[in-house]
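Heads up: the structure comes next, in structure tokens.
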Amino acid sequence: MLRSFSLPADGQDSVTARQSEPSDLSVTRGVCHRSALADAVHVRLQRGPNRQRLLELQAALDAHQTLWRPSPFHVRRPDWCADQPELAEAVLGLDDRTLEKLAHDPDDCRDWLTPRLPVADTLGRLANLPPLPKRDLPAMPPRLDRRIRGRKRAQIEAFAAHSPAAHAPLLEWCAGKGHLGRRLAFADQVPVRSLEIDPRLCADATQLAERAGIEQTVLCADAIDDAAHAQVKGRTVVALHACGELHRCLVRRAAQAGAHGYRIAPCCYHLGIADAYHPLARDSSLSLDADAIRLAVTETVTASRHDRRRLARDQAWKLGFIALRNQLEGEAARTFRPMPARWLSGDFADFCHVLAHREGVDLPAAVDWTHWLAVGEQRRAEIRRLELVRHAFRRALELWLVMDLAVGLEEAGFEVQVGSLCDRSLTPRNLMVLAQR
Ligand SMILES: C[S@@+](CC[C@H](N)C(=O)[O-])C[C@H]1O[C@@H](n2cnc3c(N)ncnc32)[C@H](O)[C@@H]1O
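Just so we're aligned, residue 48 is where the sequence shown starts under the numbering used here, counting upward by one.
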């Protein structure tokens, strides 16, 4: 339930955050002098490993935009196929077995691509972050986490184990039922306030806190509002999978908010972007919109076999429809709006009829559905091969977004560490930013 919102058109928020440095400036006779401390901080930020990684990722992404920006779903043949015919021929010539292997193993894919696309190796190096240091936690009494589903419980344990002990009260941001907050409050023996917008989840969190006998208060509020941000002062903020602008708004305000520290495991980077992505770090300059950012979250590593099969079928149907429409109306770049899931619950012909109605396409009385479905499947096979190249940039784009957060926090005066908190099979959104004053 990400409330829709927009940044001020003039980017006021981000400008304010970006201009504010640890301020140690003095003014003498109208001349502004930076003190030795401010100079030292500035030099540290300039040379810091996070900023260095941000800039290297940015350079690699910037120089190879033609390879990752166009989605082969929307363009019949991305332009790079003409510029790099040998690479195009190699991916399009892959047999099904090799394709499956490369599509599901990013390391294998990088090794296969590197001789044909040397930047793949650079991307692999830049996108590879070591795990964060881990600590031992007191085991959670079973009665306290009985109601947490398996995968979520494991994510919470991983987040808690890779968070340094909190010495200030906690603020759990976009808390859901407050499971993480309760876990950390129990481990560190500090009170927690859990902020969440959904009243039903707030009610569940309150009930669970009462049963657990943990010092947890629940605040039903919108994370975008000033009142929510007023809660940050003097607290350590923990955010597990707060989507897009919901985690970025913490960083935009970090210079003034007075938090003790932040532990952020971000997700859904594309959500909450109205027009364009407004970077957090001063030197971040990739120009992105929500569609471009979506590339960072397209993995299906945790999807079940059934869900993957279903996704494959849905994609083939959409591509079959597009091919049929192109045959009837001529090929043109047209947007493909989302559709209700129930449209995909009948057969291919039903799907095409309902979609043609919405799109204003006149279908002939007789259509060879078997043929157009086969065309859709053929197109999908082609797209999956072309996407291997695009997907080689996916983790690097995610890392760039995470380093933008990290450097934004450094510029707001925090010491920042970035690393992974668990294997990607537990959640592909397994990166965490730890910031401490
Ligand atoms: C992906 S869930 C993560 C929940 C929890 N942190 C966890 O990991 O289990 C995102 C949560 O953000 C909440 N949320 C969405 N928009 C919000 C907003 N504007 N303000 C506060 N919470 C919001 C949702 O209701 C949801 O519980």
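All C-beta atoms, glycine included, are put in the ideal place defined by N, C-alpha and C.
Bear in mind the structure is a predicted one, so any value in this text is a computation, not a measurement.
With respect to 7 Å, is the separation between the Cβ of A289 and the closest non-hydrogen atom of ligand 3 below this value?
In the structure on display, ligand 3 does not appear, and the ligands it does have are ligand 1.
Consider the C-beta atom of A222 and the heavy atoms of ligand 1; say whether any pair is separated by less than 7 Å.
yes
Could you tell me which uninterrupted beta strand (DSSP E) segments, each at least 3 residues in length, are contained entirely in the region 278-313, listed from first to last along the chain?
The qualifying runs are 283-290.
Please determine, among A482, M450, G319 and R441, the residue with the shortest C-alpha to C-alpha distance to R98.
M450
Is DSSP giving M479 helix, strand or coil here?
strand
Any chance the region 303-313 sits against the region 474-481, with 3 or more Cβ pairs inside 8 Å?
yes
Could you tell me whether the Cβ atoms of S331 and L101 are closer together than 8 Å?
yes
So, with DSSP's three-state summary, where would you put T264?
strand
Close beta carbons around R432, own chain, < 7 Å, minus the five adjacent residues each side:
Taken in chain order, the residues that qualify are V138, L139, L141 and L146.
Looking only at its chain, what residues have a beta carbon closer than 8 Å to the beta carbon of R123, apart from the 5 residues adjacent to it on each side?
E378
Identify whether H80 lies in helix, strand or coil by the three-state DSSP scheme.
Only weak support exists for where H80 lies, its pLDDT of 40 falling under 50; the coordinates are left without a value.
For the alpha helix (DSSP H) containing R432, list its first residue and its last residue.
W416 to H438
N-terminal and C-terminal residue of the alpha helix (DSSP H) that Q374 is part of
Judged by DSSP secondary structure, Q374 falls within the alpha helix (DSSP H) whose first and last residues are R352 to E376.
When you compare each of A403, Q278 and S467 to A268 by their alpha carbons, which one comes out closest?
Q278
Secondary structure at G466, three-state DSSP: helix, strand or coil?
strand
Taking L108 as part of the beta strand (DSSP E), name the residues at either end of that continuous run.
Unbroken run through L108 is the alpha helix (DSSP H), P96 to A110; no beta strand (DSSP E).
Are there any heavy atoms of ligand 1 lying less than 7 Å away from the beta-carbon of E243, as far as the coordinates show?
yes
Taking only the alpha-carbon atoms, compute the straight-line gap between H400 and A428 and give it to the nearest angstrom.
Each residue's Cα considered, the two are about 24 Å apart.
For H276 versus A304, is the C-beta spacing smaller than 8 Å?
yes
Roughly how many whole angstroms lie between the Cα atoms of L335 and A323?
Roughly 6 Å separates the two Cα atoms.
Does H288 pass the burial test, meaning 16 or more other C-beta atoms within 10 Å, or should it be called exposed?
It counts as buried.
Thinking H294 and R484 are a contact (beta carbons under 8 Å), I'd like their distance in whole angstroms, please.
No, H294 and R484 are not in contact; Cβ-Cβ is about 19 Å, not under 8 Å.
With DSSP as the reference, identify every bridge partner of R240, one or two as the case may be.
L218 and T264
With a threshold of 16 other CB atoms inside 10 Å of the CB of H111, please say whether the residue is buried or exposed.
buried
Please name the residue, chosen from V414, L297, D245 and V436, that lies closest to Q131 on a Cα-to-Cα basis.
V436
Distance, Cα to Cα, L468 vs E204?
Looking at the two C-alpha atoms, the distance is approximately 10 Å.
I117 (DSSP reduced to helix, strand or coil)
With the sequence shown as reference, residue 117 is identified as Pro, and Ile is not the correct amino acid for it. Note: P117 maps to coil in three-state DSSP.
Suppose you measure from the CA of R116 to the CA of F440; what does that come to, to the nearest Å?
10 Å
What are the start and end residues of the alpha helix (DSSP H) that includes H404?
F395 to E406
Indicate the three-state DSSP secondary structure (helix, strand or coil) for P487 in the structure shown.
Nothing in the structure corresponds to residue 487, since the chain is present only between 48 and 484.
Quick one: Cα of C156 to Cα of E376, how far?
38 Å
Just to check my reading of the structure: V463 and E457 have Cβ atoms closer than 8 Å, yes? What is that Cβ distance to the nearest angstrom?
Cβ-Cβ separation between V463 and E457: approximately 5 Å, consistent with a contact (criterion under 8 Å).
Top-ranked residue by Cα proximity to T169, from V454, A443 and A256:
A443
Of the listed residues L248, F383, A286 and P246, nearest to R405 (C-alpha basis):
F383
To the nearest angstrom, report how far apart L391 and G95 are at their CA atoms.
50 Å
Taking the alpha-carbon of A232 as reference, which of T161, A201, H418 and I261 has the nearest alpha-carbon?
I261
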